[in-house]
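Quick note, the sequences are listed as chains A and B, same order.
So for the first sequence, the working numbering puts the first residue at 167; every next one is plus one.
So for the second sequence, the working numbering puts the first residue at 5; every next one is plus one.
In what follows, a single structure is set out as structure tokens and then discussed.
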Amino acid sequence: DAEITQSPRHKITETGRQVTLACHQTWNHNNMFWYRQDLGHGLRLIHYSYGVQDTNKGEVSDGYSVSRSNTEDLPLTLESAASSQTSVYFCASSESGTPYGYTFGSGTRLTVV
Amino acid sequence: DAKTTQPNSMESNEEEPVHLPCNHSTISGTDYIHWYRQLPSQGPEYVIHGLTSNVNNRMASLAIAEDRKSSTLILHRATLRDAAVYYCILLTGNQFYFGTGTSLTVIP
């Protein structure tokens with residue numbers, strides 16, 4: 167069965183370190199998205215991609231980067247982790263050109279100490 | 005910019021219908037109305053979506069106002085497993101922007 171997986175599920179890192187969160191989908195979806203979820207803010211869009219070599223900034227992109235070298239993966243990198251980036255991160259994917267919405271991963275809980 | 009407005013929380017008795025309202029007064033003609041729910045410690049999951057007409061599926065029904073400025077998600081018989089945060093979202097192009105949703109409590 168097709169799926170979308172995130173790894174790791176939990177991570178603790180130190181301030182200033184570079185961290186990469188993985189997202190892998192086997193749906194063959196062109197569109198992929200990264201959100202963060204904080205109490206009181208719902209889900210906020212960080213970065214998104216509509217296909218290989220395409221990346222775009224979302225509403226809270228500062229301090230984050232993504233790259234899309236193949237259809238299946240969209241890793242999220244925190245260049246220099248800050249305590250304000252402690253959050254739960256969700257990856258999602260969707261087909262192009264349809265209104266059918268997203269499939270979400272199970273999330274990565276990141277703690278920056 | 006969530007573009008939708010929902011009550012922060014609602015309660016329902018088990019096995020009774022639940023009507024979750026959503027206002028989206030700035031909706032454009034091509035925006036689809038989507039509903040997702042998020043169970044504790046899980047990612048959001050798709051519930052239902054629609055454009056203009058009311059929609060039914062095995063999980064719920066979606067009633068869309070004639071002017072499309074509001075919609076209502078209907079759970080026909082609430083169960084304890086329906087306790088979750090429900091998000092009403094407009095799909096603009098290929099992007100969702102989530103609000104804070106409605107936290108539904110189901111009372112046994």
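Where is the CB? At the ideal position from N, CA and C, for every residue including glycine.
Quiz item: Going by alpha carbons, who is nearest to Q172(A) out of N194(A), L211(A), Q184(A) and V254(A)?
Solution: The residue labelled residue 172(A) in the question sits at position 6 within the first sequence. Closest by alpha carbon: V254(A).
Quiz item: Listed from N- to C-terminal order along the chain, which residues in the region 95 to 112 of chain B have their beta-carbon within a distance smaller than 8 Å of any beta-carbon of chain A?
Solution: Result list: L95, N98, Q99, F100, Y101, F102, G103, T104 and G105.
Quiz item: With which residues is H53(B) paired in a DSSP beta bridge?
Solution: The residue given as residue 53(B) occupies position 49 in the second sequence. Paired residues: H38(B).
Quiz item: Which runs of the beta strand (DSSP E), 3 residues or longer, sit entirely within the region 175 to 216 of chain A?
Solution: 176 to 179, 185 to 191 and 197 to 204
Quiz item: In whole angstroms, what separates the C-alpha of G267(A) from that of Y36(B)?
Solution: Mapped onto the first sequence, residue 267(A) falls at position 101. Mapped onto the second sequence, residue 36(B) falls at position 32. Looking at the two C-alpha atoms, the distance is approximately 9 Å.
Exercise. Let me know if T8(B) comes out buried or exposed under the rule of 16 or more other beta-carbons within 10 Å of its beta-carbon.
Key: Residue mapping note: residue 8(B) aligns to position 4 of the second sequence, counting from 1. Counting C-beta atoms within 10 angstroms of its own C-beta, T8(B) has 16 or more neighbours from the protein chains shown and is therefore classed as buried.
Self-check item: Bounding residues of the beta strand (DSSP E) (the contiguous stretch that carries Y268(A))
Solution: Taking the first residue of the first sequence as 1, we reach residue 268(A) at position 102. Per DSSP, Y268(A) belongs to no beta strand (DSSP E) and is neither H nor E.
Self-check item: For R85(B), the three-state DSSP class (helix, strand or coil)
Solution: If you number the second sequence from 1, residue 85(B) lands on position 81. Three-state DSSP puts R85(B) in a helix.
Self-check item: Nearest-angstrom beta carbon gap, S215(A) and V226(A) [assumed within contact, 8 Å]
Solution: Here residue 226(A) is taken as the residue at index 60 of the first sequence, counted from 1. Here residue 215(A) is taken as the residue at index 49 of the first sequence, counted from 1. The Cβ separation is near 16 Å, so there is no contact.
Exercise. Leaving out five residues on either side along the sequence, give the residues of the same chain with a beta carbon under 7 Å from the beta carbon of H23(B).
Key: Taking the second sequence and counting its residues from 1, one reaches residue 23(B) at position 19. Correct list, in chain order: T76 and I78.
Quiz item: Mind pulling the chain A residues with CB within less than 9 Å of Q46(B)?
Solution: Your numbering for residue 46(B) matches position 42 in the second sequence. Within 9 Å Cβ-Cβ: F270, S272 and G273.
Quiz item: Quick one: does G267(A) have its CB under 8 Å from some CB of chain B?
Solution: Position 101 of the first sequence, counted from the first residue, corresponds to residue 267(A). Yes, G267(A) counts as interfacial toward chain B.
Self-check item: Alpha-carbon to alpha-carbon, A248(A) and P174(A)
Solution: For the purposes of this step, residue 174(A) is identified with residue 8 of the first sequence, where counting begins at 1. For the purposes of this step, residue 248(A) is identified with residue 82 of the first sequence, where counting begins at 1. Across the structure, P174(A) and A248(A) are spaced so that their CA atoms are roughly 18 Å apart.
Quiz item: What did DSSP end up calling Q251(A) once you bin it into helix, strand or coil?
Solution: By one-based count along the first sequence, residue 251(A) stands at place 85. Residue state, collapsed to three classes: helix.
Quiz item: Where R220(A) and N58(B) are concerned, what is the direct C-alpha to C-alpha distance, given to the nearest angstrom?
Solution: Taking the first sequence and counting its residues from 1, one reaches residue 220(A) at position 54. Taking the second sequence and counting its residues from 1, one reaches residue 58(B) at position 54. The sequence shown places Asp at residue 220(A), rather than the Arg named in the question. Spanning the two alpha carbons is a distance of roughly 36 Å.
Quiz item: Looking only at DSSP bridge pairs, what is K4(B) linked to?
Solution: This structure cannot speak to residue 4(B), because chain B is shown only from 5 to 112.
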